[in-house]
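Read left to right, the sequence shown gives residues 3 to 157 (our numbering).
A virtual CB, placed ideally from N, CA and C, is assigned to each residue, including glycine.
Note that the coordinates shown come from a computational prediction; the quantities given were computed from them, not determined experimentally.
All remarks here apply to the structure that follows.
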Amino acid sequence: MSEQAHDALEVSNGDIVFDCPHCGKSLAIDPRGAGLIIACPDCSQQVQVPGLPLEERAGEESAEGTPEGAPSAAHAAAGDPEDMAAALEASHTKIARLVESLEEVRERRRYLEQLRTANIARFKQIGKELETIQHAMDRIVAHLQDAAAENGVEG
3 MSEQAHDALE VSNGDIVFDC PHCGKSLAID PRGAGLIIAC PDCSQQVQVP GLPLEERAGE
63 ESAEGTPEGA PSAAHAAAGD PEDMAAALEA SHTKIARLVE SLEEVRERRR YLEQLRTANI
123 ARFKQIGKEL ETIQHAMDRI VAHLQDAAAE NGVEG
């Protein structure tokens, strides 16, 4: 596959497409990278990713994480009280989901910590059992060596 065709496959809908001002390489980046300074993969020069117009950013925010019908943060920042209230409500919803996720993660951590503690105790017991087996094997070898020495057999 040619590099040009390969590059075309990597560009997804909504990506920022621009040319490196140093070498002319066509670059594409996720819209969240707008305004970042990146290194061109061809010439390694520093290139600033062009930003998107405010209208496009507002549409992107809505598509990526703002609940249906809720205004974007950009619109809420404009000062419309209804938009601010809706943005606040959307934020509260997100916070509630994050708190719920945090509790689930903490519960999972407690469970895994209990398993770890139980396994440590089990491994200590296994270690003691292996030590007992090793001592028994050492005694068997010593008895066999004694028996071989008594019978004049070299071992």
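Answer with buried or exposed for residue 29, where buried requires no fewer than 16 other C-beta atoms within 10 angstroms of its C-beta. As a position in the sequence shown, residue 29 is number 27, starting the count at 1. It counts as buried.
Alpha helix (DSSP H) runs wholly inside the stretch 72-148, at least 4 long, in chain order: 75-79
Are the beta-carbon atoms belonging to residue 23 and residue 51 less than 9 Å from one another? Against the sequence shown, residue 23 aligns to sequence position 21. Against the sequence shown, residue 51 aligns to sequence position 49. If you check the CB distance, residue 23 and residue 51 do not come in under 9 Å.
To the nearest whole angstrom, what separates the beta carbons of residue 36 and residue 18, a pair I think is in contact under 8 Å? On the sequence shown, residue 36 is found 34 positions in, with the first residue counted as 1. On the sequence shown, residue 18 is found 16 positions in, with the first residue counted as 1. Contact holds; Cβ gap of about 6 Å.
What residue range does the beta strand (DSSP E) around residue 44 cover? Here residue 44 is taken as the residue at index 42 of the sequence shown, counted from 1. Run containing residue 44: none; DSSP gives neither H nor E here.
Since residue 30 sits in a beta bridge, which residues does DSSP pair it with? Numbered from its first residue, the sequence shown carries residue 30 at position 28. Answer is 19, bridged to residue 30.
Cut-off 7 Å between Cβ atoms - residues of its own chain near residue 108, not counting five sequence neighbours on either side: Within the sequence shown, the letter at position 106 stands for residue 108. Excluding five sequence positions before and after residue 108, none of the CB atoms of its chain fall closer than 7 Å to its own CB.
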